[in-house]
Amino acid sequence: MPETPRSGQGVETLQVVRLSEQYFADMASSWQELVFDSDSDPLFMGWPWLYTWWETWAESLGLELALFGVFTEEGMLVGLAPFYCHHLRLPLGYELRRLHFLGNAWRISPTVRTEYCGLLIRRGWEDPVVEQVMSEVCRLDWQEMVVCDQGFQDLLQCQETFDRIGQTVSTVPRVIDSGVRVVTDGSFEDWLGQLGPNTRLKVYNRRNYLNQRGELRCRYVSEEETDDFFRSLNRFHEWRWGKPCFEPDALRFHQRLLARLTRDNRALSVLEFNGEPVSMLYDLRVGDSQYNLQTGFLESFDSKVALGTLHLGFAIEQSFRDPQVLYYDLLAGQGKKTFYKSHFQGELVHFLTVQYARHPVMRYIYRLQSWLPGRLRQSINRFVRL
């Protein structure tokens, strides 16, 4: 059983170490052991996702690793702070030093979206680890900290820690996004009964309509079919959105990620009608959740059938049937026309993106900006990359 803090044990018994890139590359086992003994998200905060992200984009984007490990006197890893530093030269020549969580490159470059970001802390060690590791992080030379797609409680913990250690920052809210996760530890039939009639028609009942007109089949994609799967997913996205789902770097990221995950983590599936693929679902199963990362489908298939929603219905049904899966996570993001996820009778999850500005000049700039109309402020910030 992992060691837990004893009465009277203080932060002085912990050691915070800045870890090298080589250490990061070699610590898959200890990282994963920590993830599964923490409340961190096992997919997005797992070593396979974050190391693959770093391996894919760090060099090309000029990122400097700022990964901190927190260890007990006995050498047990009890916390990780996965950050990186980036120097940004603004149009007016001013150089801005930002600290980011691994997994997102906000205002730097498109990569992939990493949700549920935060510190990784072994259960029972939250208070001493947060204070000690954030004190070390604040010794770094940064002017702003950017936090993307984090939950409200984690952001509140961060702000409270700044206050406790005497770090003055200005909090600059940027984006609030929402997602939905369906609790799947009950009955699929009961869940269907809770849906509105129109949603139930799209999710499930249209199966009968298609089965009367041909052969409808949902199946998992084998490892040998992975490249074809991504080609079809990209093609469907290009037809629907005018651009591929994954650009070359993002495609390499997902190929490397799948190579590092186990077969049990794969839940890629294809929906076929009369033997032809009409919808692709890129899902991963990690811990007690199945995550829907991407969906692509043949938009011109049949005006009576919402193929993407129908395909999700198959995946959600399978999650209900699997006792190891407690949640089907639709993640953040809107649909093309509406927030369709809100109709799935799931838990609403909010993701917040904020900046913490600590340099006096930047704090003053953001204070002045708060008086500007929202659209004007956004236009200025996009231009100067603030």
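6 is the number of the first residue of the sequence shown in the numbering used here; add one for each residue after it.
The C-beta atom is built at its ideal place from N, Cα and C for all residues, glycine as well.
Assumed close pair residue i, residue j - CB separation to whole angstroms, cut-off 8 Å
i, j, result
"A337", "G184", "4 Å"
"L317", "L160", "About 29 Å separates the two Cβ atoms, so there is no contact after all."
"T176", "V366", "T176 to V366, Cβ: 17 Å. No contact."
"T314", "V208", "6 Å"
"H259", "P249", "Between P249 and H259 the Cβ distance is about 12 Å, and since that is not below 8 Å, they are no contact."
"Y361", "E149", "7 Å"
"Y287", "L238", "6 Å"
C-beta contact flag for residue i and residue j at 8 Å
i, j, result
"G108", "S45", "no"
"R103", "V180", "no"
"T57", "D254", "no"
"L262", "W59", "no"
"V142", "Q162", "no"
"V291", "L312", "no"
"S324", "Q299", "no"
"F234", "V275", "yes"
"R1", "F157", "Any question about residue 1 goes unanswered here, given that the chain covers just 6 to 391."
"Q350", "Q199", "yes"
"A110", "L66", "yes"
"E352", "V188", "yes"
Closest Cα partner of residue i within the set the options
i, options, result
"C50", "R118, T61, R103", "In the sequence as displayed, the identity of residue 50 is Met instead of Cys. Out of R118, T61, R103, R118 has the C-alpha closest to the C-alpha of M50."
"F76", "L262, T18, H91", "T18"
"P87", "W196, N279, L315, R23", "R23"
"V21", "D132, E120, V138, S43", "V138"
"N279", "G351, D232, L197, Q217", "Q217"
"P47", "L68, K309, W111, I126", "I126"
"W130", "R236, M81, F325, L197", "M81"
"E281", "P115, N297, G219, Q299", "G219"
"V354", "R368, E120, D307, L85", "E120"
"Y214", "V310, S65, H91, L276", "V310"
"D42", "E64, R186, D190, G84", "G84"
"R212", "D307, W52, E79, H105", "D307"
"E252", "L266, T189, S114", "S114"
"T231", "N210, E165, L373, L256", "L256"
| field | Cβ pair count under 8 Å reaching 3, the stretch 17-30 against the stretch 63-73 | value | yes
| message | At 3 residues or longer, what runs of the beta strand (DSSP E) sit wholly inside the stretch 137-222? | response | 149-155, 175-188
| query | So, do the stretch 327-337 and the stretch 195-209 have three or more beta carbon pairs nearer to each other than 8 Å? | reply | no
| request: Answer yes if the stretch 296-307 comes into contact with the stretch 166-180, meaning at least three C-beta pairs across the two stretches below 8 Å, and no otherwise. | output: no
| request: With a floor of 4 residues, list each alpha helix (DSSP H) that falls wholly inside the stretch 210-296, ordered by position along the chain. | output: 211-216, 231-246, 253-265
| said: With three or more C-beta pairs closer than 8 Å as the rule, is the stretch 259-275 touching the stretch 215-226? | reply: yes
| request: Could I get the ranges of all uninterrupted beta strand (DSSP E) runs contained in the stretch 299-368, with 3 residues as the minimum, in chain order? | output: 332-337, 352-362
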